[in-house]
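**Student:** The sequence shown runs 24 to 273 under my numbering.
Quick reminder that beta carbons are idealized off the backbone N, C-alpha and C, glycines included.
Quantities reported herein were computed from a predicted structural model and do not represent experimental measurements.
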Amino acid sequence: MENTRLKTLGTGLALGIGAAAAALAGRRAANTLKTSTGHPWKHRVLDLGSTFLQRKYPLSAMSTYLDGLHLYADDAGRQVHAAHFCIHLQHDLHQCVIFDRNAPDARLIGIEYIISEERFRTLPEEEKRLWHSHHYEIASGILTAPGVPEIAEHAYFEDLVTTYGKTFHTWQYDVDDFPYGAPQLMMGFTEDGQAREELVRERDREVGVSTRRNRERRRDIPTPEVAPGANSWESGRVLQTELRETDVRR
Numbered sequence: 024m025e026n027t028r029l030k031t032l033g034t035g036l037a038l039g040i041g042a043a044a045a046a047l048a049g050r051r052a053a054n055t056l057k058t059s060t061g062h063p064w065k066h067r068v069l070d071l072g073s074t075f076l077q078r079k080y081p082l083s084a085m086s087t088y089l090d091g092l093h094l095y096a097d098d099a100g101r102q103v104h105a106a107h108f109c110i111h112l113q114h115d116l117h118q119c120v121i122f123d124r125n126a127p128d129a130r131l132i133g134i135e136y137i138i139s140e141e142r143f144r145t146l147p148e149e150e151k152r153l154w155h156s157h158h159y160e161i162a163s164g165i166l167t168a169p170g171v172p173e174i175a176e177h178a179y180f181e182d183l184v185t186t187y188g189k190t191f192h193t194w195q196y197d198v199d200d201f202p203y204g205a206p207q208l209m210m211g212f213t214e215d216g217q218a219r220e221e222l223v224r225e226r227d228r229e230v231g232v233s234t235r236r237n238r239e240r241r242r243d244i245p246t247p248e249v250a251p252g253a254n255s256w257e258s259g260r261v262l263q264t265e266l267r268e269t270d271v272r273r
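Set out below in structure tokens:
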């Protein structure tokens, strides 16, 4: 009797999951068609087929959405919204793709690698200049995980507060509506008064979070001492990428 009941329950659960998956696929298909407006019909057909038939393992594995702000390493006044979608690739390494916002038609603007303090301390000194700490981004409430229950977010950030990130933006969307030029090294904020208040308020409204409340809830997260070599922009001298002509090796 018990086996029959469990079997019936399992069948019902499977049917429910199947119906939910079908509904989700339908919504995805509708979103695909809606966001493809203006594209040739053959592209829309390909997008629709891809939605149902292709498995996208790297994208499916990116289970964490983090929302924050970045500044250009060589121009602290240039600050932009950055929506991160990440996978915990190894025990001490995350990798993230970054968009200008969390929306179906968001622009892909960059990448970030996140490593543990232990791994950061082993890097060559020149390499360390490319990395920034996350201690203030978390303590200030600027970095957030929208929609995640407070207790889960708090536990996650207790670990992330000691990490370091290397970020390059491939699209300077604050000045150009096209991905011109070389990727640019980005940094994170390290103390009060650096982030533009109007940008923080705009991000909070768009995402539906409160940086101020985040900060209050995280007061009990210990702030680590930043390892030497990180946050090079604070010294006034940074590394930045630029295009230059060079000979081709044959």
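At a cut of 8 Å, does the stretch 142–155 reach the stretch 181–197 through at least three beta carbon pairs?
**Tutor:** yes
**Student:** By alpha-carbon positions, which one of L76, H192 and E173 ends up nearest to A106?
**Tutor:** H192
**Student:** So the beta strand (DSSP E) D90 belongs to, where does it begin and stop?
**Tutor:** T87 to Y95
**Student:** For Y203 versus R130, is the C-beta distance shorter than 7 Å?
**Tutor:** no
**Student:** Label I135 either buried or exposed according to how many other C-beta atoms from any shown protein chain fall within 10 Å of its C-beta, with 16 as the threshold for buried.
**Tutor:** Looking at the sequence itself, residue 135 is Glu, so the reference to Ile does not match. It counts as buried.
**Student:** Starting from the C-beta of A42, find all residues in its chain whose C-beta is less than 7 Å away, skip the five residues before and the five after it, and write them out in chain order.
**Tutor:** Residue confidence is low: A42 scores 35 on pLDDT, short of 50, so the model does not pin down where it sits. Its coordinate-derived value is still stated next. Once the five neighbours on either side are set aside, A42 has no close Cβ partner at all.
**Student:** Hey, how far is the Cα of G100 from the Cα of T213?
**Tutor:** 14 Å
**Student:** Closer than 8 Å is the cut-off here; do at least three beta carbon pairs connect the stretch 114–126 with the stretch 242–254?
**Tutor:** no
**Student:** Span of the beta strand (DSSP E) holding L208?
**Tutor:** Q207 to M210
**Student:** Where does S139 fall in DSSP's three states?
**Tutor:** coil
**Student:** Take every Cβ of the stretch 82–94, pair it with every Cβ of the stretch 216–223, and state whether three or more of those distances are shorter than 8 Å.
**Tutor:** yes
**Student:** Restricting to runs no shorter than 3 residues, where is the beta strand (DSSP E) found entirely within the stretch 192–244?
**Tutor:** Counting whole runs of 3 or more residues, the stretch 192–244 contains the beta strand (DSSP E) stretches 207–210.
**Student:** Suppose you measure from the CA of F108 to the CA of L76; what does that come to, to the nearest Å?
**Tutor:** 23 Å
**Student:** Please name the residue, chosen from R272, P251, R273 and T269, that lies closest to T145 on a Cα-to-Cα basis.
**Tutor:** P251
**Student:** What residues are listed by DSSP as bridge partners for D98?
**Tutor:** Y95
**Student:** If you follow the alpha helix (DSSP H) that L174 is part of, which residue opens it and which one closes it?
**Tutor:** This sequence places Ile at residue 174; Leu is not what is there. Element bounds for I174: E173 to L183.
**Student:** Per DSSP, what are the beta-bridge partners of G188 in this structure?
**Tutor:** I137 and H155
**Student:** Measuring CB to CB, does A205 end up less than 7 Å from T167?
**Tutor:** In terms of Cβ geometry, A205 and T167 do not form a close pair [threshold 7 Å].
**Student:** Give me the Cα-Cα distance between P147 and A253, rounded to the nearest whole angstrom.
**Tutor:** 12 Å
**Student:** Could you check what DSSP says for I121 in three-state terms: helix, strand or coil?
**Tutor:** I121 falls in the strand class under three-state DSSP.
**Student:** For I110, name the three-state secondary structure that DSSP assigns.
**Tutor:** DSSP places I110 in strand when its eight states are reduced to three.
**Student:** Measuring alpha carbon to alpha carbon, tell me which residue in D227, L116 and E141 is nearest G23.
**Tutor:** Absent from the structure is residue 23, since the part of the chain shown begins at 24 and ends at 273.
**Student:** Could you name the residues of the same chain whose beta carbon sits closer than 8 Å to that of M85, not counting the 5 residues immediately before and after it, in chain order?
**Tutor:** F108, C109, I110, C119 and V120
**Student:** State the Cα-Cα distance for the pair R241 and I174, rounded to the nearest angstrom.
**Tutor:** 11 Å
**Student:** For S163, which residues in the same chain have their Cβ closer than 6 Å to its Cβ, ignoring the five residues on either side in sequence?
**Tutor:** Same-chain partners within the cutoff: R238.
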